[in-house]
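Asker: Just dropping this structure here.
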Amino acid sequence: METDARYATVNASPETREERSVVQAGERGLPFDIAVERGLAALAELGIEAELHDLGGEPGACRCVVSRDGRWLANGCGKGNRDAARAGAVFEALEHHLSGCTSLRAETVELRSAHEIAAGPLRGDSVASALADAGDGLMACRRYRALDDGSVVPVPVFLSCIEYPTEECEHLRREFGDTYDYTSVVRHSVNSGCASGASVTEATVHALNEIIERDAWSMMLVDVFLARRPRFSVLDPASLPDDLAALVNYAEEVAGERVALIDMTTDLGVPSVMAYVAPEPGKAAVHFGCGTSLSRRHAALRALTELLQVKALETELGEPTHDRDHLLPYPPFAAASHMDLRESLALAPRVAYTGTAAPETPAEHLDRLRNALAARDFRAYVHELHVAGNGAAVISALVPGLERFMIVHLGSLVVPGPRGMAAVRAS
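Number 1005 marks the last residue of the sequence shown (the working numbering); no jumps.
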């Protein structure tokens, strides 16, 4: 497929632009083709084979299927131009394989009391009250390291490993001596904050961006549907740089609907954008993408290419479905789950797009993100799930206190944590 000249700036690989050494606004340390080689080598080191499937579009999406001895292990998806999509797909497949039960070993976990966890560094997190209110018991935890002073805290495995509380991992819980009843807390399980990259630093940058993005999305849902006081704004299409404006037009052609660029940046000050297509009345929103980056341009680009990825995967695999009927007795939560923002969009202020300066290396991005969190009294913790011989890494990060209420969109009946509830009380 020939690339339309309107999208040439967006689609051009970094090696063909003036900022030759800056990849994805400085968040990646290697050109995409070399990153793909490093990711494939990390998979091969584990005896894993990878198949890449171009899903079309430019920019579009790529799917990576990984297997060992003919047995399927995981999928990964990437978005953007061909090289970016391939790199994203390979590293996401590596992440999905290693962030599940596969990476769990008895020597990497320790047992802690649930009530001890609830009273520790996680006490300001949304899961703390659920752990405190439920019965006590021993639960498997992994040791996470604070990015500021290196201190170590135990974090329950189930928070980031969705499979762990399920029947699939029952044998592991027995092996570890994990006696906890996860029935009342399993809905808090989400792999938000798991990320991979060509290095530990790069993976950590992607993990923190995802955590901040999910917090921004969560706070927007809280503001709109629980506090009933929308605070987001919409980027004025007429003010967008030419490349982003062209990409919005392309996304609208693919989606067949109007695409709104929602600025959902929070008090953390890290640009967070949602590319949103309103659903049909009575249906849940499924066509949207999110992006967070110190570069507002890259945040918008990421949101738009994620929307295009959603459309490409829908063509390949069908529209995703989630059971939300059990939320109907709780109207605000049911509304948040459906995420119909049309009424709020009509009233939201239109603001002019303004670019932001971003660092040129992953290490500088990490420093800026850590400082942005610290300025609001949040601390980031990281656990290295796997580091390959060539440095490619999969990590799990957690920032206690930042919101994960966005999982209500998947049909989980969860209550916001202290951060979200403070917004509700202030309304």
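Even for Gly, the Cβ is constructed at its ideal location relative to N, Cα and C.
Remember, predicted model here, so these are calculated numbers, not experimental data.
Only counting runs of 3 or more residues, tell me where the beta strand (DSSP E) segments fall wholly within the stretch 756-831, in order along the chain.
Answerer: List check, beta strand (DSSP E) in window: 772-775, 811-813.
Asker: State the beta-bridge partners of P994 as determined by DSSP.
Answerer: One-based indexing of the sequence shown puts residue 994 at position 416. Looking at the DSSP assignment, P994 forms no beta bridge with any residue, so it has no partner.
Asker: Please work out which residues of its chain come closer than 7 Å, Cβ to Cβ, to T779, disregarding the five sequence neighbours upstream and downstream, and give them in chain order.
Answerer: The sequence position of residue 779 within the sequence shown is 201, counting from 1. The answer, listed in chain order, is P940, A941, L944.
Asker: In angstroms, rounded to a whole number, what distance separates the CA positions of G617 and R660?
Answerer: On the sequence shown, residue 617 is found 39 positions in, with the first residue counted as 1. On the sequence shown, residue 660 is found 82 positions in, with the first residue counted as 1. Using only the alpha carbons, I get a separation of about 16 Å.
Asker: Between the C-alpha atoms of L731 and G860, what's the straight-line distance to the nearest angstrom?
Answerer: Sequence index remark: in the sequence shown, residue 731 carries index 153 (1-based). Sequence index remark: in the sequence shown, residue 860 carries index 282 (1-based). The question names Leu, but residue 731 in the sequence shown is Val. One C-alpha to the other measures close to 44 Å.
Asker: Just how far apart, CA to CA, sit Y585 and L822?
Answerer: Position 7 of the sequence shown, counted from the first residue, corresponds to residue 585. Position 244 of the sequence shown, counted from the first residue, corresponds to residue 822. Note that Y585 scores a pLDDT of 34, beneath 50, so its modelled location is shaky; the value from the coordinates is reported in the next line. Those two C-alpha atoms are separated by around 9 Å.
Asker: Just mark G847 as buried or exposed, buried being the case when its beta carbon has 16 or more other beta carbons within 10 Å.
Answerer: To locate residue 847, count along the sequence shown from 1; it is residue 269. Counting Cβ neighbours within 10 Å, G847 comes out exposed, since fewer than 16 surround it.
Asker: Does H784 pass the burial test, meaning 16 or more other C-beta atoms within 10 Å, or should it be called exposed?
Answerer: Your numbering for residue 784 matches position 206 in the sequence shown. The residue in question, H784, is buried, as its Cβ has 16 or more Cβ neighbours within 10 Å.
Asker: Mind checking which residues open and close the beta strand (DSSP E) that includes L839?
Answerer: Here residue 839 is taken as the residue at index 261 of the sequence shown, counted from 1. Unbroken beta strand (DSSP E) run through L839: 838-841.
Asker: In its own chain, which residues sit with a C-beta less than 8 Å from the C-beta of A805, not counting the 5 before and 5 after it?
Answerer: Stepping through the sequence shown from its first residue, residue 805 is reached at position 227. Once the five neighbours on either side are set aside, the close Cβ partners of A805 are A1001, V1002, A1004, S1005.
Asker: Just to confirm the assignment: which complete alpha helix (DSSP H) runs, minimum length 4, are found wholly within the stretch 837-910?
Answerer: As far as the stretch 837-910 is concerned, its whole alpha helix (DSSP H) runs of at least 4 residues are 874-895.
Asker: Find out if the Cβ-Cβ distance for the pair V614, E629 is shorter than 9 Å.
Answerer: The residue you call residue 614 lines up with position 36 of the sequence shown. The residue you call residue 629 lines up with position 51 of the sequence shown. Not closer than 9 Å, so no.
Asker: For Y931, which residues does DSSP report across the bridge?
Answerer: The sequence position of residue 931 within the sequence shown is 353, counting from 1. Answer is none; Y931 lacks a bridge partner.
Asker: Going by CA-CA distance only, name the one from R721, G713, F754, I790 that's closest to V763.
Answerer: Along the sequence shown, read from residue 1 onward, the residue named residue 763 stands at position 185. If we check each option's Cα against that of V763, G713 comes out closest.
Asker: Sort out for me which residues DSSP pairs A718 with in a bridge.
Answerer: Numbered from 1 along the sequence shown, position 140 holds the residue referred to as residue 718. Note: A718 sits in a beta bridge opposite L689.
Asker: Return the residue from the list G715, K657, E627, E748 that minimises the CA-CA distance to C679.
Answerer: Stepping through the sequence shown from its first residue, residue 679 is reached at position 101. Among G715, K657, E627, E748, the Cα nearest to that of C679 belongs to E748.
Asker: For the alpha helix (DSSP H) containing L923, name the first residue and the last one.
Answerer: In the sequence shown, the residue the question calls residue 923 occupies position 345. L923 -> alpha helix (DSSP H) spans 920-925.
Asker: First and last residue of the beta strand (DSSP E) that includes E962?
Answerer: Reading the sequence shown from its first residue, position 384 is the one you call residue 962. Run containing E962: 959-965, per the beta strand (DSSP E) assignment.
Asker: Kindly give me the distance between the Cβ atoms of I604 and P937, rounded to whole angstroms, as I take these residues to be in contact under 8 Å.
Answerer: Here the question's residue 604 lines up with position 26 in the sequence shown. Here the question's residue 937 lines up with position 359 in the sequence shown. The identity of residue 604 in the sequence shown is Gly, whereas the question assumes Ile. With 8 Å as the limit, G604 and P937 qualify as a contact, their Cβ atoms being about 5 Å apart.
Asker: Taking only runs of the alpha helix (DSSP H) that begin and end inside the stretch 698-755, which ones reach a length of at least 4 residues, in chain order?
Answerer: DSSP runs (the alpha helix (DSSP H)) wholly in the stretch 698-755: 704-711, 748-754.
Asker: Would you kindly work out how many angstroms separate the C-alpha atoms of A890 and V668, rounded to a whole number?
Answerer: Taking the first residue of the sequence shown as position 1, residue 890 is located at position 312. Taking the first residue of the sequence shown as position 1, residue 668 is located at position 90. For A890 and V668, the distance between alpha carbons rounds to 17 Å.
Asker: Distance, Cα to Cα, R641 vs V888?
Answerer: On the sequence shown, residue 641 is found 63 positions in, with the first residue counted as 1. On the sequence shown, residue 888 is found 310 positions in, with the first residue counted as 1. Distance between the alpha carbons of R641 and V888 is about 12 Å.
Asker: Considering just the uninterrupted stretch of the beta strand (DSSP E) at R641, what are its terminal residues?
Answerer: Against the sequence shown, residue 641 aligns to sequence position 63. It spans 638-646 - the beta strand (DSSP E) in which R641 sits, taken as one unbroken run.
Asker: Rounded to the nearest angstrom, what separates A692 and P910 at their Cα positions?
Answerer: Position 114 of the sequence shown holds residue 692. Position 332 of the sequence shown holds residue 910. Rounded to whole angstroms, A692 to P910 spans 30 Å at the Cα level.
Asker: I'd like the list of long-range same chain contacts for R982, defined as Cβ closer than 7 Å, with 5 residues on each side in sequence excluded.
Answerer: To locate residue 982, count along the sequence shown from 1; it is residue 404. If we look at R982 and ignore the five residues flanking it on each side, its Cβ neighbours are S704, V768, S770, R792, S796.
Asker: Where does H904 land, buried or exposed, given buried means 16+ other C-beta within 10 angstroms?
Answerer: Position 326 of the sequence shown, counted from the first residue, corresponds to residue 904. Exposed: under 16 other Cβ atoms inside 10 Å.
Asker: Tell whether a beta-carbon distance below 9 Å holds between T870 and A877.
Answerer: Counting from one through the sequence shown, the residue named residue 870 turns up at place 292. Counting from one through the sequence shown, the residue named residue 877 turns up at place 299. Yes, the pair counts as a contact, with Cβ atoms nearer than the cut-off.
Asker: Quick check on H987: does DSSP put it in helix, strand or coil?
Answerer: Walking along the sequence shown from the start, residue 987 turns up at place 409. Three-state result, H987: helix.
Asker: Quick check on A950: does DSSP put it in helix, strand or coil?
Answerer: Here residue 950 corresponds to residue number 372 of the sequence shown, with the count starting at 1. DSSP places A950 in helix when its eight states are reduced to three.
Asker: Quick check on DSSP: helix, strand or coil for R660?
Answerer: In the sequence shown, residue 660 corresponds to position 82, counting from 1. Residue state, collapsed to three classes: helix.
Asker: Taking all protein chains shown into account, decide if S922 is buried (16 or more other Cβ within 10 angstroms of its Cβ) or exposed.
Answerer: Within the sequence shown, the letter at position 344 stands for residue 922. The residue in question, S922, is buried, as its Cβ has 16 or more Cβ neighbours within 10 Å.
Asker: What does the alpha-carbon distance come out to for the pair E670 and A663?
Answerer: As a first step, residue 670 is located in the sequence shown; it is residue number 92 there, counting from the start. As a first step, residue 663 is located in the sequence shown; it is residue number 85 there, counting from the start. In a straight line, the C-alpha of E670 is about 10 Å away from that of A663.
Asker: Between the Cα of G634 and the Cα atoms of Y908, P609, T893, R649, which residue gives the shortest distance?
Answerer: Your numbering for residue 634 matches position 56 in the sequence shown. Ranking Y908, P609, T893, R649 by Cα distance to G634 puts T893 first.
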